[in-house]
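> With positions in the sequence shown counted from 1, the corresponding number in the working numbering is that position plus 12.
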Amino acid sequence: MSWLTSLAIGLAGRKQIELEDVDEMGELFLDAKTSAAVIGTEGGFNADKTL
13 MSWLTSLAIG
23 LAGRKQIELE
33 DVDEMGELFL
43 DAKTSAAVIG
53 TEGGFNADKT
63 L
């Protein structure tokens, strides 16, 4: 179990992973290919800009 998943279920007050946890983790992070494409077209990271 990743530390992020462990953190998410801990914050929810549970000790086991549920489907909603997996869905939430998927929403929090873009896959590496998508992230690289955004950084490549935008010329780098800009903390003031959101997707």
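We treat Cβ as the ideally placed atom computed from N, Cα and C, and that holds for glycine.
#1: What residue range is occupied by the uninterrupted alpha helix (DSSP H) comprising G38?
#2: Please state if the CB of V34 and the CB of T46 are separated by a distance shorter than 9 Å.
#3: Can you tell me whether A44 is buried or exposed, with buried defined as 16 or more other CB within 10 angstroms of its CB?
#4: Taking the CB atoms as reference points, tell me whether E36 and A48 lie closer together than 9 Å.
Concretely, from the data shown:
#1: Position 26 of the sequence shown, counted from the start, is the residue given in the question as residue 38. Here the alpha helix (DSSP H) through G38 covers 31-40.
#2: Here residue 46 refers to the residue found at position 34 when the sequence shown is read from its first residue. Here residue 34 refers to the residue found at position 22 when the sequence shown is read from its first residue. In this structure, V34 does not lie closer than 9 Å to T46 by Cβ.
#3: Here residue 44 corresponds to residue number 32 of the sequence shown, with the count starting at 1. Result: exposed.
#4: Working through the sequence shown from its first residue, we reach residue 36 at position 24. Working through the sequence shown from its first residue, we reach residue 48 at position 36. Going by C-beta atoms, E36 is not nearer than 9 Å to A48.
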